[in-house]
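Each protein sequence line maps, in turn, to chains A and B. Just add 326 to wherever you are in the first sequence, counting from 1, and you've got the working numbering. Just add 286 to wherever you are in the second sequence, counting from 1, and you've got the working numbering. Where a beta carbon is used, it is the ideal one built from N, C-alpha and C, also for glycine.
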Amino acid sequence: MTRTLEAAIAIARVWTRLYTSGLDQSLRDARRAEIESDLWESHEDARRRGGAATEVALQILARLLLGMPHDLLWSIESRRPCDHRPRRLALIAGAALVSLAVLWVASILREGPLPVPPHSMVFVASPPPPPPPTPPPPLPSSMADNGRDGRRPATDPRR
Amino acid sequence: MRRKPGALVPLEIAICRAALILRRRDEEFHGYEMARALGAEADARLLTAYGTLYRALGRLEKMGLLKSRWEDPRIPARESRPSRRLYSLTALGAEAVATARRAADSRARARKRLRRLVPA
């Protein structure tokens, strides 16, 4: 027996223990023995036919997963055979979960790609602009008079 | 959706039909054997899920269409294997198969008539 097959059988046993726990002893033992027998038969059948252990493991896991809702319903029914409330509650809870999952997936599909975060403000800031040039110093009052500084005054050349 | 009391779903009809074949051979069957029989009939590689199969078998037994017994514990002890729960079809189960077959036949006839009236 390969590790994969051992793991699949162990998972099936654990799941069967889980959903049968808390049930009436005769019911619980009967279901556990029935699953145990089925697991053994499937393994033995594959061995006789020369089937691959991995294939048997996958078959066991698929049968387990697909039967889980029925296992749960059976477990609920077996706890209170005359009361339909738990079953109804389980159905409502299941329907609510499925609806939420559908809404969530729809919202993801509608949103499209995620928006780009405003990175330019935080990490990739451009260098600050250079400071404005300093204004020229004011001319001294003596140099401000016309002609005295040796420069030509701003007068009309015809005069 | 709640089904009518006493009404059979397709899986239950298939189980009863397979059990009827085994009954004619005076054979009982266990869960895995039934899963294989159903898989062969539907030509499916994947066998009926554990939960689906055993819940259906339990329901059929409760309805009186199947009966079950645990085999003599000396046999599995001798063969070093887990004990089998053996099922067999009751007379009521055989009647249910016949009823389901009649219903399927009448549906097929109705479809045929409809096809004749409404040409494609």
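Residues near residue i in its chain [Cβ-Cβ closer than 8 Å; skip 5 each side]
i	result
A432 (chain A)	none
P466 (chain A)	none
H369 (chain A)	M327, L331, I335 and V382
L306 (chain B)	L375, G379, A380 and V383
D350 (chain A)	S404
Per-residue DSSP class, three states only, for residue i
i	result
R370 (chain B)	coil
L375 (chain B)	strand
A336 (chain A)	helix
L344 (chain A)	helix
V404 (chain B)	coil
G420 (chain A)	helix
S452 (chain A)	coil
E313 (chain B)	coil
L415 (chain A)	helix
L429 (chain A)	helix
R485 (chain A)	With a pLDDT of only 49 at R485 (chain A), under 50, the local geometry of the prediction cannot be trusted, and the value read off the model is given with reservation. If DSSP states are grouped into helix, strand and coil, R485 (chain A) belongs with coil.
V383 (chain B)	helix
A293 (chain B)	coil
R268 (chain B)	What the structure shows of chain B is the stretch from 287 to 406, and residue 268 (chain B) is not part of that stretch, so it cannot be assessed.
Residue range of the beta strand (DSSP E) that includes residue i
i	result
R355 (chain B)	L352 to W356
Alpha helix (DSSP H) segment containing residue i, residue limits
i	result
R310 (chain B)	P296 to R310
D350 (chain A)	It is not in any alpha helix (DSSP H) - D350 (chain A) carries neither H nor E in the DSSP assignment.
V382 (chain A)	A379 to R405
M327 (chain A)	No alpha helix (DSSP H) contains M327 (chain A), which DSSP labels as neither H nor E.
L465 (chain A)	Segment: none, L465 (chain A) is in no alpha helix (DSSP H) and carries neither H nor E.
P362 (chain B)	R360 to E365
M320 (chain B)	G317 to A328
A342 (chain B)	Y336 to K348
Neighbourhood of residue i by C-beta distance below 6 Å, restricted to the same chain and skipping five residues each side
i	result
L387 (chain A)	A334
L333 (chain B)	A321 and G325
L383 (chain A)	The residue you asked about is not Leu; residue 383 (chain A) is Ala in the sequence shown. Closer than 6 Å at Cβ, skipping near neighbours: T330, L331 and A334.
Cβ shell of residue i (< 7 Å), same chain only, five flanking positions each side left out
i	result
R355 (chain B)	L372
R303 (chain B)	V383
R485 (chain A)	Low per-residue confidence applies at R485 (chain A): pLDDT is 49, beneath 50, and the placement is therefore not dependable, though the value from the model is reported in the following sentence. If we look at R485 (chain A) and ignore the five residues flanking it on each side, it has no Cβ neighbours.
>> Would you call the segment 299–312 of chain B in contact with the segment 377–388 of chain B, where contact means no fewer than 3 C-beta pairs closer than 8 Å?
In response: With the cut-off at 8 Å, the segment 299–312 of chain B and the segment 377–388 of chain B touch.
>> Along the segment 314–326 of chain B, where does the CB come closer than 9 Å to a CB of chain A? Name the residues.
In response: So the list reads H316, G317, Y318, E319, A321 and R322, given in the order they occur along the chain.
>> Whether or not the segment 340–351 of chain B and the segment 391–399 of chain B are in contact is what I'm after, with contact meaning three or more pairs of Cβ atoms, one per stretch, closer than 8 Å; do they touch?
In response: no
> Taking Cβ-Cβ distances below 8 Å as the criterion, which residues of the segment 382–396 of chain A are in contact with chain B?
Replying inline: Result list: Q385, A388, R389, L390, L391, L392, G393, M394, P395 and H396.
>> Counting beta carbon pairs with one atom in the segment 351–368 of chain A and one in the segment 310–318 of chain B, are three or more of them shorter than 8 Å?
In response: yes
> Should the segment 388–401 of chain A be regarded as contacting the segment 341–358 of chain A, the criterion being three or more beta carbon pairs within less than 8 Å?
Replying inline: yes
>> Against chain B, which members of the segment 347–364 of chain A pass a CB distance test of less than 8 Å?
In response: A356, R357, A359, E360, I361, E362, S363 and D364
>> Give me the subset of the segment 366–380 of chain A whose CB atoms are less than 9 Å from a CB atom of chain B, sorted by chain position.
In response: W366, E367, S368, E370 and D371
> If you measure beta-carbon to beta-carbon, which residues of the segment 350–369 of chain B are closer than 7 Å to chain A?
Replying inline: If the cut-off is 7 Å between Cβ atoms, the segment 350–369 of chain B has R367, P368 and S369 near chain A.
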